[in-house]
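Q:
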Ligand SMILES: CC(C)(COP(=O)(O)OP(=O)(O)OC[C@H]1O[C@@H](n2cnc3c(N)ncnc32)[C@H](O)[C@@H]1OP(=O)(O)O)[C@@H](O)C(=O)NCCC(=O)NCCS
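Residue numbers (this note's numbering): 1 to 384.
#1: Give a yes or no on whether the C-beta atoms belonging to residue 238 and residue 339 are separated by under 8 Å.
#2: Are three or more beta carbon pairs between the region 298–314 and the region 147–156 nearer than 8 Å?
#3: According to DSSP, which residues form a beta bridge with residue 73?
#4: To the nearest angstrom, how far is the alpha carbon of residue 22 from that of residue 286?
#5: Quick test of your reading: residue 80 and residue 140, contact by CB under 8 Å. State the CB separation rounded to the nearest angstrom.
#6: What is the residue span of the alpha helix (DSSP H) that residue 38 lies within?
#7: Is residue 318 near ligand 1, judged by its Cβ being under 7 Å from some heavy atom?
#8: Taking the C-alpha atoms as reference points, what is the distance between residue 231 and residue 225?
#9: Applying the criterion that 16 or more other CB atoms from any shown protein chain within 10 Å of the CB defines a buried residue, is residue 20 buried or exposed?
#10: When DSSP labels each residue in this structure, what does residue 28 get in the three-state scheme?
#11: Quick check: the region 205–219 against the region 315–330, are at least 3 beta-carbon pairs closer than 8 Å?
#12: Measure the alpha-carbon distance for residue 331 versus residue 55 and round it to whole angstroms.
#13: So, under 8 Å CB-CB, residue 134 and residue 348 are touching, yes? Tell me the CB distance rounded to an integer number of Å.
#14: Taking 6 Å as the limit between beta carbons, can you name the residues of its chain near residue 53, skipping five residues before and five after?
#15: Comparing the CB of residue 229 with every heavy atom of ligand 1, is any distance shorter than 7 Å?
#16: Along the beta strand (DSSP E) that carries residue 23, what are the first and last residues, could you check?
#17: Ignoring anything shorter than 4 residues, give me the alpha helix (DSSP H) runs that lie fully in the region 217–272, in order along the chain.
#18: In this structure, how does DSSP classify residue 97 when only helix, strand and coil are distinguished?
#19: Grab me the residues of residue 38's own chain with a C-beta within less than 6 Å of its C-beta, minus the 5 sequence neighbours each way, in chain order.
#20: In the DSSP assignment, find the unbroken alpha helix (DSSP H) run with residue 332 in it and report its ends.
#21: Sorry if obvious, but does the Cβ on residue 269 come closer than 7 Å to a heavy atom of ligand 1?
#22: Can you check whether the CB of residue 213 is closer than 8 Å to the CB of residue 123?
#23: Decide if the region 275–283 is in contact with the region 23–33; the criterion is three or more beta carbon pairs, one per stretch, under 8 Å apart.
#24: Start and end of the alpha helix (DSSP H) containing residue 55?
#25: Following a CB-centred definition, is residue 273 positioned closer than 7 Å to any heavy atom of ligand 1?
#26: Give me the residue from 217, 150, 186, 296 with the minimum Cα distance to residue 86.
#27: Pull up the CB-CB distance for residue 15 and residue 180, whole angstroms please, since I reckon it's below 8 Å.
#28: Tell me, to the nearest whole angstrom, how far the beta carbon of residue 104 is from that of residue 137; I am working on the premise that it is less than 8 Å.
#29: Do you know how far the Cα of residue 269 is from the Cα of residue 377?
#30: Answer with buried or exposed for residue 94, where buried requires no fewer than 16 other C-beta atoms within 10 angstroms of its C-beta.
#31: Is residue 96 a contact residue of ligand 1, with contact defined as CB to any heavy atom under 7 Å?
#32: Rounding to the nearest angstrom, what Cα-Cα distance links residue 391 and residue 187 in this structure?
#33: Count the other C-beta atoms from every protein chain shown that fall within 10 angstroms of the C-beta of residue 375, then say buried if there are 16 or more, exposed otherwise.
#34: How would you write the range of the alpha helix (DSSP H) that residue 376 sits in, first residue to last?
#35: Our contact map puts residue 461 next to residue 217 with C-beta atoms below 8 Å; I'd like the distance itself, whole angstroms only.
#36: Taking 7 Å as the cut-off, is the CB of residue 386 close to at least one heavy atom of ligand 1?
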């Protein structure tokens, strides 16, 4: 039986309805609020509440939500014990931090009393638990990678710190400056939600079978890992390091780019399925990252200058604009964050969007089961 042929990669296909987020070339809206407004005026905790609870929190709701997150930050012992074993996996390259955080979410599901329940209340409780614990997973993981004692294993951090600041504290043992806290907080807001992107769509497909939230989030993490999606923030920074090295060796950014174009190489952190004329999240993060670079010193500014030249050349010669992952790579680098944690940090934010979508899917479910257009062999006999 033949079926209608759809666009490769489902480009332009509207695969469902959502009241969580609207993505247009000129705007990105979370439940009615534009991203520039949120980045300038809200905190990540407020945005996460907006996404998963469905409305802007009042002061009492926000205080309660913050308390719930703080109370849920600590990891259960089996997850901490697993994290203590990851050193050889990371060193050998058999696991990347994204694989570790995915596994941790799976273990959390195995231990969660609500794991087999998909009611709205159970889903809301699980959303908050997973969201609260993600920075702790990243922090403890980085402590193990760095060969240091795990910071605050009993509490998951400092109760007085925000989600963003606590994430940086857990990774390093140092409470971040207000500037770095703000940059991290804004990056988390920018990363929180983006309608039917690949990882969110994955989470909805899983939820659509009436499978559980931890499973759907684990699947979404696997989808986000890829360099065409969330993994691009790490890949963009690796590419910038390559460009920096070639400039340090006497080359030019233009020569690197000419060579990349000749090889038809994909430049990481550029292009977008929806934002063909530019991703305005990128401008917001670039401005903040550049300011952080200026306060840090000439090396950091030099990195941004190389990035800006790459952007100019891509735009002039290819008409392709940076997406949010490009400034994110440079910004996190300037902040001293290890590159393999960039995409896990994206997870620590996007969990809020995934959980909102999983709940929306469960609340009005129909199995997601498209058709394929068959292009294989004609019918033939096993024993002709
Ligand atoms: C995001 C991405 C996957 C979107 O893919 P898409 O919608 O399928 O876009 P297409 O591959 O159809 O791109 C259209 C054209 O632009 C080119 N292009 C798109 N992104 C490019 C990039 N980053 N570097 C070089 N060329 C690029 C494509 O090669 C294609 O050229 P062609 O028509 O000559 O074949 C793609 O832009 C990409 O791979 N970017 C790099 C990874 C990245 O930054 N991902 C994060 C996304 S937020």
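Cβ coordinates follow ideal geometry from the N, Cα and C atoms, glycine included.
A: Result, derived from the coordinates:
#1: Translated into the one-based positions of the chain shown, residue 238 becomes position 238. Translated into the one-based positions of the chain shown, residue 339 becomes position 339. In terms of Cβ geometry, residue 238 and residue 339 form a close pair [threshold 8 Å].
#2: Verdict: no, contact absent.
#3: Start at 1 with the first residue of the chain shown, and residue 73 comes out as number 73. For residue 73, no pairing in a beta bridge is given by DSSP.
#4: On the chain shown, position 22 is the one that residue 22 refers to. On the chain shown, position 286 is the one that residue 286 refers to. The alpha-carbon atoms of residue 22 and residue 286 are separated by roughly 22 Å.
#5: Locating residue 80 in the chain shown gives position 80, where the first residue counts as 1. Locating residue 140 in the chain shown gives position 140, where the first residue counts as 1. Indeed they touch by this definition, with Cβ atoms about 6 Å apart.
#6: Here the question's residue 38 lines up with position 38 in the chain shown. Annotation: the continuous alpha helix (DSSP H) that includes residue 38 extends over 35–41.
#7: Locating residue 318 in the chain shown gives position 318, counting from the first residue. At least one heavy atom of ligand 1 lies less than 7 Å from the C-beta of residue 318.
#8: Start at 1 with the first residue of the chain shown, and residue 231 comes out as number 231. Start at 1 with the first residue of the chain shown, and residue 225 comes out as number 225. CA-to-CA, the gap between residue 231 and residue 225 works out to about 5 Å.
#9: In the chain shown, residue 20 corresponds to position 20, counting from 1. With a threshold of 16 other beta carbon atoms within 10 Å, residue 20 meets it and is buried.
#10: Within the chain shown, the letter at position 28 stands for residue 28. Residue state, collapsed to three classes: strand.
#11: Judged by pairs of C-beta atoms under 8 Å, the region 315–330 does not touch the region 205–219, as fewer than three such pairs exist.
#12: Locating residue 331 in the chain shown gives position 331, counting from the first residue. Locating residue 55 in the chain shown gives position 55, counting from the first residue. Separation of residue 331 and residue 55 (C-alpha to C-alpha, rounded to the nearest whole angstrom) is 30 Å.
#13: In the chain shown, residue 134 corresponds to position 134, counting from 1. In the chain shown, residue 348 corresponds to position 348, counting from 1. Confirmed, about 4 Å.
#14: Locating residue 53 in the chain shown gives position 53, counting from the first residue. Around residue 53: no qualifying Cβ.
#15: Your numbering for residue 229 matches position 229 in the chain shown. Result yes, Cβ under 7 Å from ligand 1.
#16: For the purposes of this step, residue 23 is taken as residue 23 along the chain shown, with counting starting at 1. Per DSSP, residue 23 belongs to the beta strand (DSSP E) from 21–23.
#17: Taking only runs of at least 4 residues, the alpha helix (DSSP H) segments lying wholly in the region 217–272 are 232–248, 253–262.
#18: To locate residue 97, count along the chain shown from 1; it is residue 97. In the structure shown, residue 97 sits in a helix (DSSP, three-state: H, G or I).
#19: Here residue 38 corresponds to residue number 38 of the chain shown, with the count starting at 1. A distance below 6 Å between beta-carbons, with the five flanking residues on each side excluded, links residue 38 to the following residues of its chain, in chain order: 47, 189.
#20: As a first step, residue 332 is located in the chain shown; it is residue number 332 there, counting from the start. Residues 325–334.
#21: Taking the chain shown and counting its residues from 1, one reaches residue 269 at position 269. Yes, ligand 1 has a heavy atom inside 7 Å of this Cβ.
#22: Mapped onto the chain shown, residue 123 falls at position 123. Mapped onto the chain shown, residue 213 falls at position 213. Closer than 8 Å, so yes.
#23: Touching, yes.
#24: The residue you call residue 55 lines up with position 55 of the chain shown. For residue 55, no alpha helix (DSSP H) segment is defined, and its DSSP state is neither H nor E.
#25: Residue mapping note: residue 273 aligns to position 273 of the chain shown, counting from 1. With a threshold of 7 Å, the Cβ atom of residue 273 counts as near ligand 1, since some heavy atom of the ligand is closer than that.
#26: One-based indexing of the chain shown puts residue 86 at position 86. Nearest option by C-alpha distance: 150.
#27: The residue labelled residue 15 in the question sits at position 15 within the chain shown. The residue labelled residue 180 in the question sits at position 180 within the chain shown. The pair is not a contact, with the Cβ atoms about 38 Å apart (cut-off 8 Å).
#28: On the chain shown, residue 104 is found 104 positions in, with the first residue counted as 1. On the chain shown, residue 137 is found 137 positions in, with the first residue counted as 1. Between residue 137 and residue 104 the Cβ distance is about 5 Å, and since that is below 8 Å, they are a contact.
#29: Mapped onto the chain shown, residue 377 falls at position 377. Mapped onto the chain shown, residue 269 falls at position 269. For the pair residue 377 and residue 269, the Cα-to-Cα distance works out to about 39 Å.
#30: For the purposes of this step, residue 94 is taken as the residue at position 94 of the chain shown. It is exposed - the Cβ of residue 94 has fewer than 16 other Cβ atoms within 10 Å.
#31: The residue labelled residue 96 in the question sits at position 96 within the chain shown. Checking the Cβ of residue 96 against ligand 1 gives no.
#32: Residue 391 lies beyond the range of the chain shown here (1 to 384); nothing can be said about it.
#33: Here residue 375 corresponds to residue number 375 of the chain shown, with the count starting at 1. So residue 375 counts as exposed.
#34: Mapped onto the chain shown, residue 376 falls at position 376. For residue 376, there is no enclosing alpha helix (DSSP H), as DSSP marks it with neither H nor E.
#35: Any question about residue 461 goes unanswered here, given that the chain covers just 1 to 384.
#36: Residue 386 is absent from the model: the chain starts at 1 and stops at 384.
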